[in-house]
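Asker: I have a structure I would like to understand better, so I am pasting it below and will then ask my questions one at a time.
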Amino acid sequence: MELVATRNKGAEDVLPSESYIWQNTERLMADTAKTYGFREIRFPTFEKTELFIRSVGETTDVVQKEMWTVKGRESTYTLRPEGTAGAIRAVLQNGLLNEAMPQKIYYQISAFRHENVQKGRLWEFHQFGAEMVGSAAPAADAQIIQMAGDILNKLGISTELHINSIGCKQCRTKYYEALRAYFAPDKEKLCETCQSRFEKNPMRLLDCKSEICKGIAANAPIITDYLCDECAEHFAKVKALLESLGIEYTVDPRIVRGLDYYTRTVFEFISRDIGAQATVCGGGRYDGLIEEMGGPSTPALGFAMGMERLILAMKAKENGSSDSVCDLYIVAADSDSTGGKALEATVRTASAARAKGKWAEYDLCGRGFKAQMKYANKIGAKYLVVIGESELESGTVRVKNMATGEESETALDAVADVIG
RNA sequence: GUGAUCGUCGUCUAAUGGCAGGACAUCAGAUUGUGGCUCUGAUAGCGAGAGUUCGAUUCUCUCCGGUCACCCCA
-18 MELVATRNKG
-8 AEDVLPSESY
2 IWQNTERLMA
12 DTAKTYGFRE
22 IRFPTFEKTE
32 LFIRSVGETT
42 DVVQKEMWTV
52 KGRESTYTLR
62 PEGTAGAIRA
72 VLQNGLLNEA
82 MPQKIYYQIS
92 AFRHENVQKG
102 RLWEFHQFGA
112 EMVGSAAPAA
122 DAQIIQMAGD
132 ILNKLGISTE
142 LHINSIGCKQ
152 CRTKYYEALR
162 AYFAPDKEKL
172 CETCQSRFEK
182 NPMRLLDCKS
192 EICKGIAANA
202 PIITDYLCDE
212 CAEHFAKVKA
222 LLESLGIEYT
232 VDPRIVRGLD
242 YYTRTVFEFI
252 SRDIGAQATV
262 CGGGRYDGLI
272 EEMGGPSTPA
282 LGFAMGMERL
292 ILAMKAKENG
302 SSDSVCDLYI
312 VAADSDSTGG
322 KALEATVRTA
332 SAARAKGKWA
342 EYDLCGRGFK
352 AQMKYANKIG
362 AKYLVVIGES
372 ELESGTVRVK
382 NMATGEESET
392 ALDAVADVIG
């Protein structure tokens, strides 16, 4: 077999045997989000490239080396590398800021980043994301984190919550100065990437995995020591609320989100079960983004969960919910004397079962009687009915429970009720 | 962008510088009115290309793909 083309690297097929896991997960997320007042928003897979450059940040890896960009006839377009930019664009463009605040929205999307593929990291991946627009209150931060944690718990995934505050623009300016002052004497010893980070985004210096840089960074100043009074108070209130909700967390001063738009609270939920790409959910507050995108100054925050990583973590815990199976298989046993009447009765009976929401099957491959029995067994049908000459005459059939082998007699037109 | 590692039927897995074998799965039959067990048969594979060789699935190189990791992120 030589296919004309095969699946692209970094993309995945979800087969019928697995798709129920996705469906159940997506449904659980949507249902949970609804209980917090979040409603779904849908927006295009592609946007103008400037949108992402402006919102995600010009210096970020995502923008600099990971975007799938296409030059169209009228403009240059990019497949969304994340959800926030498009979601907020849709909120602004459609005047949702004029509705009652806060606006709470969620989305289930695929997103695209051109990175080297590995476990938990794909070119096309899927996210569940939620955004809350219009609240600056610490209670909003707490609720967003609570909802993310709620979903993860319901999925049966064990995670650790790490939080940090990276302050506002003012705190960060002060902090950058302190960082540069700290690193300046050793600047020459830093790795190449860190040397360029020194000017552009010194917070990333803390994130480097190189042993030398780690050593130099060991006693670097910590952002939380440089927060302005307001940011410090905000962070303290968020932490207090989390505690009162009984949500465990670790303050991790090294969490530095890779997207430029974050301010104040940032957080990650980490799973230990899925390899190196352990962040299963990441998010935070982005009070400056909406203004940056040309809207009115409006506070907002949100998170995104990586669906593939969640499903890896669920599989690691072996707690997938179960798939549905065939409820009823009908064997149409036509002979010369029935002249096709058995098949007609079979089709009608199957339709009646489907009208009751049952999964009903009959032969579509020209199989013989025996082969149909084997097939019904193979697909795990719960009940089996044979319709042939004698059944047509009497108007009754025997409904066989395939698991126990027991049979019971029923009127032909009552089959759909019996198999409940 | 970098590094490591692996590519044999749909899946799992053998052997081999000289006819690529098995298991599971699939299909058919044994068994034209009741499945699962058993038996028989069929379908189906060396990722691609160059090189070495009388001969390459095996050795060498290149590419492609998978996996894992760095980086980055969900």
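Residue numbers (the working numbering): -18 to 401.
We treat Cβ as the ideally placed atom computed from N, Cα and C, and that holds for glycine.
What does the Cβ neighbour count give for Lys150, buried or exposed, with the cut at 16 atoms within 10 Å?
Answerer: Classification of Lys150: exposed, given that the 10 Å Cβ count is below 16.
Asker: Hey, Glu30 and Thr50: beta-carbon distance below 7 angstroms or not?
Answerer: The question names Glu, but residue 30 is Thr in the sequence shown. The answer is yes: Cβ separation under 7 angstroms.
Asker: Which of the three DSSP states, helix, strand or coil, is assigned to Lys381?
Answerer: Looking at Lys381 - three-state DSSP - the assignment turns out to be strand.
Asker: Determine the direct distance from the alpha carbon of Asp(-6) to that of Ile368, and round the result to whole angstroms.
Answerer: Going by the C-alpha atoms only, they are around 39 angstroms apart.
Asker: Between Arg290 and Ile255, is the Cβ-Cβ spacing less than 7 angstroms?
Answerer: In this structure, Ile255 lies closer than 7 angstroms to Arg290 by Cβ.
Asker: Taking the alpha carbon of Phe109 as the reference point, which residue from Arg23, Leu60, Arg153 has its own alpha carbon closest?
Answerer: Selected option, being the one with the closest Cα: Arg23.
Asker: Which one or two residues does DSSP pair with His107 in a beta bridge?
Answerer: According to DSSP, which records beta bridges pairwise, His107 is partnered with Ser91.
Asker: So, Gly137 versus Lys298, is the Cβ gap smaller than 7 angstroms?
Answerer: Yes, these two residues count as a Cβ contact at 7 angstroms.
Asker: Taking Glu403 as part of the beta strand (DSSP E), name the residues at either end of that continuous run.
Answerer: Residue coverage of the chain in this structure runs from -18 to 401, which leaves residue 403 outside it and unanswerable.
Asker: Could you check where the beta strand (DSSP E) with Tyr402 kicks off and where it finishes?
Answerer: Nothing about residue 402 can be read from this structure; the chain reaches only from -18 to 401.
Asker: Measuring alpha carbon to alpha carbon, tell me which of Ala(-14), Trp104, Pro(-3) ends up nearest Val306.
Answerer: It is Pro(-3).
Asker: Among Gly67, Ala384, Tyr243, Gln74, which one has its Cα closest to the Cα of Ala92?
Answerer: Here the closest residue by C-alpha is Gly67.
Asker: Going by alpha carbons, who is nearest to Gln45 out of Glu372, Ile34, Ile126, His215?
Answerer: It is Ile34.
Asker: Is Phe250 near the ligand SAH - that is, is its Cβ less than 6 angstroms away from at least one heavy atom of it?
Answerer: The model on display carries no ligand, and the ligand SAH is accordingly not part of it.
Asker: Which residues in the same chain have their Cβ closer than 8 angstroms to the Cβ of Arg348, if we skip the five residues on either side of it in sequence?
Answerer: Around Arg348: Tyr356.
Asker: Does the pairing of the region 123 to 136 with the region 280 to 287 give three or more beta-carbon distances under 8 angstroms?
Answerer: In short, these stretches touch, since the Cβ pair count reaches three.
Asker: Helix or strand or just coil, what does DSSP make of Ala118?
Answerer: In this structure, Ala118 counts as coil in the three-state DSSP scheme.
Asker: In chain order, what residues of the same chain lie with their CB nearer than 6 angstroms to the CB of Leu226, ignoring the 5 residues before and after it?
Answerer: The answer, listed in chain order, is Gln127.
Asker: According to DSSP, is Ala392 helix, strand or coil?
Answerer: Strand at Ala392.
Asker: Give the straight-line distance between the Cα atoms of Ser0 and Ile69, rounded to the nearest whole angstrom.
Answerer: The alpha-carbon atoms of Ser0 and Ile69 are separated by roughly 29 angstroms.
Asker: What span of residues does the beta strand (DSSP E) with Glu28 cover, start to end?
Answerer: Per DSSP, Glu28 belongs to the beta strand (DSSP E) from 27 to 29.
Asker: Distance, Cα to Cα, Val237 vs Asn134?
Answerer: Computed Cα separation, rounded: 25 angstroms.
Asker: Pick out the complete alpha helix (DSSP H) segments inside the region 271 to 302, 4 residues or longer, and give them in chain order.
Answerer: The region 271 to 302 contains these whole alpha helix (DSSP H) runs: 288 to 297.
Asker: If you check the beta carbons only, do Phe19 and Lys100 fall under 7 angstroms apart?
Answerer: No, the Cβ-Cβ distance between Phe19 and Lys100 is not below 7 angstroms.
Asker: By alpha-carbon positions, which one of Asn358, Gly115, Asn75 ends up nearest to Ala81?
Answerer: Comparing Cα-Cα distances from Ala81 to each of Asn358, Gly115, Asn75, the minimum goes to Gly115.
Asker: Could you tell me which uninterrupted beta strand (DSSP E) segments, each at least 3 residues in length, are contained entirely in the region 113 to 191, listed from first to last along the chain?
Answerer: Here the runs fully enclosed are 141 to 146.
Asker: Determine contact between the region 261 to 270 and the region 153 to 167, defined as no fewer than three beta-carbon pairs at a distance below 8 angstroms.
Answerer: As far as the Cβ criterion goes, the region 261 to 270 does not touch the region 153 to 167, which means the pair count is below three.
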